[in-house]
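Input: a single structure, listed below in structure tokens.
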Amino acid sequence: MFNKENKKTMAVDNSVAGSNRIVAGTKIKGEVNSGSDFRIDGEIEGTIQTSGRLVVGRTGLIKGNVICTNADVEGTINGTLVVKNTLSLKATAVIEGEVQADKLAIEPGAVFNVTCKMGVKGTPPVSNEPAKK
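Counting in this note's numbering, the sequence shown runs from 4 upward without gaps.
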């Protein structure tokens with residue numbers, strides 16, 4: 004009934020993580036830590052740290068600090084953004100504050116009012132206090 008062959012098919016693949024989503028109309032205040040991809044269409048005030056890709060949808064708003072591996076932004080980020088690899092800003096993106104990224108891609112129309120440090124891998128310490136506008 005439970006032979007070696009069946010045990011192989013019952014194994015769980017931990018290398019594939021699910022993704023997280025904050026839908027439009029949802030507001031969260033605090034600290035978020037995730038080991039997988041994260042999509043934000045709602046609002047977050049605080050700190051977000053993910054080892055996966057961060058996607059900020061057109062209706063997404065982040066006020067605070069973000070540390071991630073890659074980021075695709077269509078919405079708004081006010082604060083400090085640290086991206087270990089590639090930051091991609093779509094035409095509807097609005098970024099204000101400080102940015103550190105290894106690579107940067109900006110579509111025409113995006114608003115990028117930041118102090119930017121490029122080509123730096125790794126993450127410096129980030130304060131848990133949201134950036135003041």
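Glycine residues also receive a C-beta, built at the ideal position from the N, C-alpha and C atoms.
A direct Cα-Cα distance of roughly 31 Å separates Val-35 from Pro-111.
Assignment of Ser-37 by DSSP, reduced to helix, strand and coil, places it in the strand class.
Bounds of the beta strand (DSSP E) holding Thr-50 are 46–53. Minimum Cα-Cα distance from Gly-28 among the listed residues Arg-61, Ser-91, Ile-51 corresponds to Arg-61.
If you compare the alpha carbons of Glu-48, Lys-93, Ala-108, Arg-56 with that of Thr-83, the shortest gap goes to Glu-48. Taking C-alpha positions only, Gly-63 is separated from Lys-120 by approximately 24 Å. When the five nearest sequence neighbours on each side are left out, the beta carbons in the same chain lying within less than 7 Å of the beta carbon of Val-117 are those of Ile-98, Glu-99, Gly-100, Glu-101, Val-102, in order along the chain. Between the beta-carbon of Val-69 and that of Val-58 there is about 12 Å, and that puts the pair past the 8 Å contact cut.
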